[in-house]
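Visitor:
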Amino acid sequence: MSSDYAKDVLVTADYVEDNLDAFQSDDPDHRLVEVDVDTEAYDESHAPGAIGFNWEEDLQDQTTRDILTKEDFEDLLGAHGISEDSTVVLYGDNANWFAAYTYWQFKYYGHDDVKLLDGGREYWIENDYTTTDEEPSFSAVDYTASGPRESIRAYRDDVENAIDRDLPLVDVRSPEEFTGEILAPTGLQETAQRGGHIPGAQNISWAAVTNDDGTFKDA
5 MSSDYAKDVL VTADYVEDNL DAFQSDDPDH RLVEVDVDTE AYDESHAPGA IGFNWEEDLQ
65 DQTTRDILTK EDFEDLLGAH GISEDSTVVL YGDNANWFAA YTYWQFKYYG HDDVKLLDGG
125 REYWIENDYT TTDEEPSFSA VDYTASGPRE SIRAYRDDVE NAIDRDLPLV DVRSPEEFTG
185 EILAPTGLQE TAQRGGHIPG AQNISWAAVT NDDGTFKDA
């Protein structure tokens, strides 16, 4: 199983089920967060205690289309009862597309104890784990981010330097996006201004590293 080689990153659906009481408690020790490509999916159903983050509205700057500022990240987490010491488990649809993006954003701003539910939303639902349409409400807390950790973020100059040094670049989008056939996955507005890919990049799509049930493939 994929969780055998990524114990510090992935948790199983059974783990989440066994800890549902903790995820539903007002105590900030544990928090469960759903982030979907389909921004309406959370309202239909989700795991009990799961907080819903809208990737379009909650997780990016509405003007620059960049990630949240440190201050906005702190406000978002604090408002949902997430503390610096919370164990946060993220999951979402499309085999955790935007849950993984959110995982990176947590790490960038210095939150250490954050994990992904292996298989994501589809695995949880297809295997008949408990769902609800009730939205939880937790007491707000103060959150102070220790980041940013610039070592895990590449800017344009970093990419150009990598090209000059012939370092590997990996593009995880679909083959159709990589070749420029489409600008965005079906159902999403364009996520690129021009089709194609960075010169020298190799395409290892997200779908290529996940199983049919949404779990990650073994190494």
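So that you can map any letter, position 167 of the sequence shown is 171 in our numbering, and since no number is skipped, the others follow by simple counting. Ideal Cβ placement from N, Cα and C applies to all residues, glycine included. No experiment lies behind these values; they were computed from the predicted model shown.
Would you tell me roughly how many angstroms separate the C-alpha atoms of Ser-7 and Ala-103, rounded to the nearest one?
Guide: Summary for Ser-7: the model assigns pLDDT 48, below 50, so the residue's position carries little reliability; its value from the coordinates is reported in the next sentence. C-alpha separation (whole angstroms): 16 Å.
Visitor: Would a C-beta distance cut-off of 8 Å place Val-176 and Gln-206 closer than the cut-off?
Guide: no
Visitor: Can you give, in chain order, each stretch of the beta strand (DSSP E) that sits fully within the region 112-143 and has at least 3 residues?
Guide: 118-121
Visitor: Comparing C-alpha positions only, which one of Asp-33, Val-41 and His-34 sits nearest to Thr-190?
Guide: Val-41
Visitor: What do you reckon, is the C-beta of Ser-150 under 7 Å from a heavy atom of the ligand FMN?
Guide: Ligands displayed in this structure: none; no statement on the ligand FMN is therefore possible.
Visitor: Suppose you measure from the CA of Phe-142 to the CA of Asn-131; what does that come to, to the nearest Å?
Guide: 28 Å
Visitor: From the DSSP output, read off the bridge partner residues of Val-92.
Guide: In the DSSP output, where bridge partners are listed per residue, Val-92 has Arg-35 and Val-118.
Visitor: How should Gln-109 be labelled, buried or exposed, when 16 other C-beta atoms within 10 angstroms of its C-beta is the threshold for buried?
Guide: buried
Visitor: What span of residues does the alpha helix (DSSP H) with Ile-167 cover, start to end?
Guide: 160-168
Visitor: Just to check my reading of the structure: Leu-3 and Gly-53 have Cβ atoms closer than 8 Å, yes? What is that Cβ distance to the nearest angstrom?
Guide: The shown model of the chain, from 5 to 223, leaves out residue 3, and the question about it has no answer.
Visitor: So is Thr-214 buried or exposed if we call it buried at 16+ other beta carbons inside 10 Å?
Guide: buried
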